[in-house]
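Everything below concerns the one structure shown next.
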Amino acid sequence: MTKQIGYNRSIDEINAEVEVLLTGHGSKDQTSIDRILASHPEFAESGPDVIAAAIFDRPAARLVTAREYGFATWRQLEVYVDRSPSGFQHLACLRYDSSDRPDNWEQARSLLKTDPTLGTADIWSAACAGNAEVVHDILAMAPEMVDQRGGHFDWEPLLYACYSRLGEGSTLEVARALLSAGADPNAHYMWAGQYRFSALTGAFGEGEMGPSNQPAHEACEALATLLLDAGAHPNESQGLYNRMFTQGTEVLELLLRYGLSSKDRNNWLLEADGKLVKHPEETLAYQLRWAILNHHVDRARLLIDNGASLDDDPESGKSLFELAHLRGHPELAEYLTAHGARAPEIDPIDQFVSALTAGDGASARGLRTEARVRETERRYPSLVIDTAAAGRSEAVAVMAGAGLTLNRMTHRAPLHEAAWAGHLEVVRLLVDLGASPRERDEHHAATPLQFALTAGQDEVAAYLVDCDIDVFDAIAAGSASRLRTLLEQDPSQLEQRLGELRTDEQDHAVDWMSPLAFAATRDEGELVDVLLELGADISVAKPSGSSLTDVLKEAGAIELASRIEGAGYRVGN
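So the sequence shown is numbered by my numbering: it starts at 2 and just counts up by one.
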């Protein structure tokens, strides 16, 4: 059974496991022999005695370890654990972690412009760069390369074509050439050894980092159709997951046309007692529940029409009829019951919630009592947050009028969610109603402005930067004028630490940072100069004792570190 690798493992920790396996094989330890038998393809048909007597080296032990964590190769595990950007292919492709950014592809384009041979070095580079002619030539000489893993990610060439976001050349024509030569249209890799990211997943794009950071392939529909015509399986549950955060039914309609069925199950793995097991739920049922909870009414109707299960929500135990009412969609609730969903009586609290989420102020006022407001917040702590995330400004206004708390946090506040999703009207409303732009979330110690900047929501960011923000936000926005204004208004912020600004009790890696450290580690040279001019203390250091300049030098920012040291020298003399 596959093990879960987790998110914060180091390659040294994994290599230690490799050494344990090597030692175990050398001592003929039965547990080690059993692990090799279960996970090394060359020993799948061998007996324990054969394995014990066989030569078993470090590459073999690494392969066993990688397979135990769900990775096809050691290199794929290594890339997952070490996420630092490096090289043309790494920068050019979506890699589905928090480092996905348009800046990466711009850097890759710059590298390619400086050195065009980066796009012709091998079949994986050519696929990534959209060099169909080079791919044709390589396959003519070596047809076996069509499905050969390699390159930075140890992927098949088709995956590089589908995940590349260079937007230059023609990765669509590369994919056509590869498929014509016999490439597997179901090529995939297992992200974290757990989630099946296929060629189709790459074509569809999008995901948890939002469409600005994880866009669809520039020829999404044509590429996806090409893959499906070549035999890609339409049960593309990861692709549907990645696209479910935004409105629209195009991807779902395409997969349904090619045979996606109500019987198909999500093809990723779930954690259970430290092990990974098959997902028990049907793809369409999972998508229907999400669509109802997140106000995607057209998608919900399409899923219902195509046979998605109408069984109760396994997490809350509520019927889909109740979920639709709780999200303020009574017509969808009736559509569900007309197709067979259970329709229990709705209690007074849920009736109140239904009126709130529908933006029905009159009904909400008629049902409101102080006790119901408090019980609503206890029962549904993320109600305002979810409503803001969906951009439902009328409902947010009704909730505020009813007395629900606008700064309430689960791990982040309503203003964070509205900013991330780019709902400017809701952001303005929340600020006007008293929501604090200075609130920091519990995962990243980041503000709503920083959420908007990360998600590429420029309009929201432009509005928030002129609101009641702190100097760290001015730095995040790259605004020297705003930084100067804030420090003129409150000079004490010059030496404030980020850890002083958050309200949660969790320690964060950025807690030690002063504005100078925050600006320097973000490579904001102009803002560093402003802060040095205003007398910022350059002796700021991490709890471990590493100075700011040590941190910068370790990250390769030698010139910036020298400027800061030079400022300290000038002051000292």
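No residue lacks a Cβ here, since even glycine has one placed at the ideal position from N, Cα and C.
Since the model is a prediction, treat every value here as computed from it, not as a measurement.
Selected residue, minimal CA-CA separation from residue i, among the options
i	options	result
GLY232	LEU261, GLN215, GLU209 and PRO212	LEU261
ALA217	ALA182, ARG166, LEU270 and LEU227	ARG166
SER199	ASP230, MET410, PRO235 and GLU107	PRO235
THR202	SER394, SER364, GLY392 and GLY240	GLY240
LEU64	GLN352, ARG76, THR3 and SER394	ARG76
TYR97	MET191, GLY120, THR504 and ALA520	MET191
HIS588	ALA130, ASP313, ILE139 and LEU327	Since the displayed the chain opens at 2 and closes at 574, residue 588 lies outside it and no answer follows.
LYS543	HIS509, ASN267, ALA45 and GLY526	HIS509
SER40	VAL374, ALA67, GLY151 and THR504	ALA67
LEU430	GLU395, LEU405, ALA414 and ALA462	GLU395
GLU254	PHE246, LEU434, GLU14 and ALA301	ALA301
ALA520	ILE56, LEU488 and ASP474	ASP474
GLY308	GLY275, TRP291 and ASP265	ASP265
THR358	LEU337, LEU405, ALA339 and ALA204	LEU405
SER437	ARG413, ALA456 and GLY457	ARG413
TYR336	SER317, LEU311 and ILE350	LEU311
LEU140	GLN494, SER181, SER238 and LEU384	SER181
SER382	THR370, VAL354 and GLY367	Residue identity check: residue 382 is Pro in the sequence provided, not Ser. Taking only the C-alpha atoms, the option nearest PRO382 is VAL354.
TRP125	LEU285, THR370 and MET146	MET146
SER28	ILE52, GLU107 and ILE15	ILE52
DSSP-derived helix/strand/coil call for residue i
i	result
GLU46	coil
TRP1	Because the chain in this structure spans residues 2 to 574, residue 1 falls outside the shown range and cannot be described.
ASP488	According to the sequence as given, residue 488 is Leu; it is not Asp. It is helical.
TYR259	coil
SER238	helix
LYS276	strand
SER563	helix
LYS554	helix
ALA542	strand
HIS297	coil
ARG10	coil
SER181	helix
HIS189	strand
TYR570	Because TYR570 sits at a pLDDT of 46, beneath the cut-off of 50, its placement in the model cannot be relied upon, and the following sentence gives the value as read from the coordinates. DSSP places TYR570 in helix when its eight states are reduced to three.
GLU283	strand
ARG483	helix
LEU271	strand
ARG33	What sits at residue 33 in the sequence shown is Ser, not Arg. Three-state result, SER33: helix.
ARG244	helix
ARG266	strand
Euclidean distance between Cα positions of residue i and residue j
i	j	result
LEU407	ASP387	12 Å
ALA176	TYR164	11 Å
GLU346	GLU440	38 Å
THR377	TYR287	25 Å
ASN214	SER111	18 Å
GLU418	ASP442	10 Å
LEU333	VAL298	7 Å
ASP524	TYR161	30 Å
GLN603	LEU289	Only positions 2 to 574 of the chain appear in this structure, which leaves residue 603 out of reach.
PHE72	GLU209	22 Å
HIS575	LEU271	Past the boundaries of the shown model lies residue 575; the chain is included only from 2 to 574, so the question cannot be answered.
ALA17	GLN31	19 Å
ALA130	THR172	7 Å
ASP50	VAL80	34 Å
LYS319	ASP361	23 Å
PRO516	ARG498	7 Å
ALA389	VAL427	6 Å
PRO186	PRO492	60 Å
Outcome for residue i when other beta-carbon atoms lying within 10 angstroms are tallied against a minimum of 16
i	result
ASP459	exposed
MET1	No answer is possible for residue 1: the residues shown for the chain start at 2 and end at 574.
THR550	buried
SER540	exposed
GLU251	exposed
ASN9	exposed
HIS424	buried
ASP469	exposed
GLY500	exposed
GLY194	buried
VAL19	buried
SER482	exposed
VAL572	Any reading at VAL572 must be qualified, since the residue scores a pLDDT of 42, below 50, and its modelled position is unreliable; the value itself is stated next. The residue is exposed, with fewer than 16 neighbouring Cβ atoms inside 10 Å.
GLU575	The displayed coordinates of the chain run from 2 to 574. Any statement about residue 575 would go beyond what the structure contains.
Any non-hydrogen atom of the ligand SAM closer than 7 Å to residue i Cβ
i	result
GLY435	In the structure on display, the ligand SAM does not appear, and there are no ligands present to speak of.
Could I get the ranges of all uninterrupted alpha helix (DSSP H) runs contained in the segment 56–131, with 4 residues as the minimum, in chain order? 59–69, 75–82, 88–93, 103–115 and 124–130
List in chain order: all unbroken alpha helix (DSSP H) runs of 4+ residues lying wholly within the segment 308–384. 321–327, 331–339, 349–358, 362–368 and 371–380
Hey, which unbroken runs of the beta strand (DSSP E) at 3 residues or more fall wholly within the segment 395–463? none
Identify every run of the alpha helix (DSSP H) within the segment 133–159, keeping only runs that are complete inside it and at least 4 residues long; order them along the chain. 133–142
Residue ranges of each beta strand (DSSP E) within the segment 191–229, 3 or longer: 196–199
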